[in-house]
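Q: In terms of UniProt numbering, the sequence shown opens at residue 1 and continues consecutively.
Even for Gly, the Cβ is constructed at its ideal location relative to N, Cα and C.
The structure's right below; bear with me while I get my questions together.
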Amino acid sequence: MVRHRGRSAVTSEETLQEDALAGVATQGLVIEGLLAEGGMGAVYAARDLATDTPVALKVLRREHAHDPGIVNRFTREVRFARRIDHPNVCPALADGRLEDGRPFYLMPLYEGVTLGDEVRRHGPLSTERALAIADQLLAGLGAMHDARVVHRDLQPDNILLVPQAGGGVLVKLIDLGFAHEPGIDTGDGYTTDSPGALVGTLRFMSPEQALRSRAITERSDLFAVGLLLWFALTGELPFRGSSDVDMLVSIVRAAPIPLRRRRADAPRELEAILTRALAKHPDARFQSAAEMRSALTAVAERAGAAHPRAVCALQRSSTRRTSRRR
């Protein structure tokens with residue numbers, strides 16, 4: 001969520017209700033202003049009065065306060081964010097409830113840009129930068145999977161690039177609003193991986209997620225990483241569709257466009273890795289984030305690139321406060 005209003009389906013009246021929190025002092029915080037909003041939650045810039053530290057506060061939207069299913073999903077997001085301790089995953093610093101009973105949690109308020117913003121504004125990344133970002137992303141994703149959490153919404157605006165001293169970039173995986181723990185009963189009669197519920201961002205879904213035909217697992221996330229890397233290198237996607245239905249059919253049935261057709265300077269080994277990552281059946285993909293990360297490291301080393309754990313600079317000097325909407 002960038003430091004302006006995020007895209008939202010909410011009405012202006014609902015937005016005004018959320019804006020009413022700006023300037024409120026609560027739970028040892030002063031809420032400074034609305035950063036962005038989505039269907040489930042709104043995120044504010046706030047300040048921790050005890051430490052005088054800027055933070056991001058994500059709170060459940062008012063209209064969902066009495067919906068058990070959405071409240072459960074929000075609290076699950078908080079639980080997952082607190083469970084995963086890794087430098088490449090945005091943490092939950094604390095959580096609680098506002099005076100009106102709505103749950104909230106606090107996150108660091110980062111200065112940075114999303115991968116989506118970076119590519120849209122400056123074009124495709126160099127192979128070295130793309131591999132460096134993918135390496136950190138897979139490191140964080142591996143920690144998430146080790147904690148038995150599947151993200152389910154890996155897309156460019158959920159990958160945050162935070163500038164570091166010396167010109168480096170720290171990658172932060174953000175927004176666990178759609179995350180789930182495979183096989184766990186949600187309390188509403190369904191397990192979190194039950195077929196039938198379409199969640200996530202269609203253009204970055206695996207076939208099983210788009211078709212809702214089988215359980216969504218860690219390998220579904222790895223399909224999305226393949227799409228993210230393809231996007232970072234080309235500014236495009238390997239599947240085409242003029243409508244949501246066409247895109248769904250392409251994801252499920254069409255072969256991905258070969259990387260080197262859009263990026264002739266890409267190593268052939270990298271094209272092969274993305275072809276494997278984008279296999280239709282989960283069994284044909286990489287089986288873990290560590291396995292995919294190792295394969296990409298080998299490509300970078302053979303290509304004579306900087307080690308993928310090296311710094312990767314942003315193409316612009318100015319950044320904005322960032323967290324994420326939903």
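How is residue 300 classed by DSSP in three states: helix, strand or coil?
A: helix
Q: Across the stretch 45-58 and the stretch 134-150, are there enough close Cβ pairs to call them in contact, namely three or more that are closer than 8 angstroms?
A: no
Q: Are the CB atoms of residue 263 and residue 124 within a distance shorter than 9 angstroms?
A: Closer than 9 angstroms, so yes.
Q: Can you determine whether any heavy atom of the ligand SAH sits closer than 8 angstroms to the C-beta of residue 175, and answer yes or no?
A: Ligands displayed in this structure: none; no statement on the ligand SAH is therefore possible.
Q: Can you name the start and end residues of the beta strand (DSSP E) that residue 107 belongs to?
A: 103-108
Q: Could you check which residue in 36, 254, 150 has the C-alpha nearest to that of residue 183?
A: It is 150 whose Cα lies nearest to the Cα of residue 183.
Q: Please classify residue 188: does DSSP put it in a helix, a strand, or coil?
A: Bear in mind that a pLDDT of 43 at residue 188, under 50, signals an unreliable position, so the number given afterwards is only what the model happens to contain. Coil at residue 188, not helix or strand.
Q: Residue 248 and residue 259: beta carbons closer than 9 angstroms?
A: no
Q: Counting C-beta neighbours from all protein chains within 10 Å, is the total for residue 207 16 or more, i.e. buried, or is it exposed?
A: buried
Q: Give me the Cα-Cα distance between residue 282 and residue 77, rounded to the nearest whole angstrom.
A: 25 angstroms
Q: Under a three-way DSSP split, which group does residue 267 fall into?
A: coil
Q: What three-state label does DSSP hand residue 246 in the structure shown?
A: In the structure shown, the three-state DSSP call for residue 246 is helix.
Q: Per DSSP, residue 113 forms a beta bridge with which residues?
A: 161
Q: Assign residue 258 to one of three DSSP states: helix, strand, or coil.
A: coil
Q: Around the Cβ of residue 175, are there at least 16 other Cβ atoms within 10 angstroms (buried) or fewer (exposed)?
A: buried
Q: Assuming residue 153 and residue 201 are in contact, meaning their beta carbons sit under 8 angstroms apart, how far apart are those beta carbons, in whole angstroms?
A: 6 angstroms
Q: Using the C-alpha atoms, what's the distance from residue 180 back to residue 148?
A: 8 angstroms
Q: How about residue 222 and residue 294: are their beta carbons less than 9 angstroms apart?
A: no
Q: Within its chain, find whatever has a CB closer than 6 angstroms to the CB of residue 265; leave out the 5 residues flanking it on each side and keep chain order.
A: none
Q: Count the other CB atoms within 10 Å of the CB of residue 234; is the residue buried (16 or more) or exposed (fewer)?
A: buried
Q: Alpha carbons only, please: which of 267, 286, 290, 291 is nearest the one belonging to residue 301?
A: That would be 267, whose Cα lies nearest to the Cα of residue 301.
Q: Using a Cβ distance threshold of 8 angstroms, determine whether the stretch 164-173 contacts the stretch 124-136, with at least three qualifying pairs required.
A: yes
Q: If contact is defined by three or more beta carbon pairs under 8 angstroms, each pair taking one atom from either stretch, is the stretch 56-64 in contact with the stretch 101-116?
A: yes
Q: If you reduce the DSSP assignment to three classes, tell me which class residue 41 lands in.
A: Three-state DSSP puts residue 41 in a strand.
Q: Can you tell me the Cβ-Cβ gap for residue 226 and residue 274, rounded? I've got them flagged as a contact below 8 angstroms.
A: Contact annotation, residue 226 with residue 274: C-beta distance approximately 5 angstroms; criterion of less than 8 angstroms satisfied.
Q: Buried or exposed: residue 117, going by 16 or more other Cβ atoms within 10 Å of its Cβ?
A: Residue 117 is buried by the Cβ-count criterion.
Q: Could you pull the start and end residues of the beta strand (DSSP E) that residue 53 belongs to?
A: 53-60
Q: Give me, in chain order, the residues of the same chain whose beta-carbon lies closer than 7 angstroms to that of residue 279; leave out the 5 immediate sequence neighbours on both sides.
A: 285
Q: May I ask which residues mark the beginning and end of the alpha helix (DSSP H) holding residue 69?
A: Start and end: 68-83.
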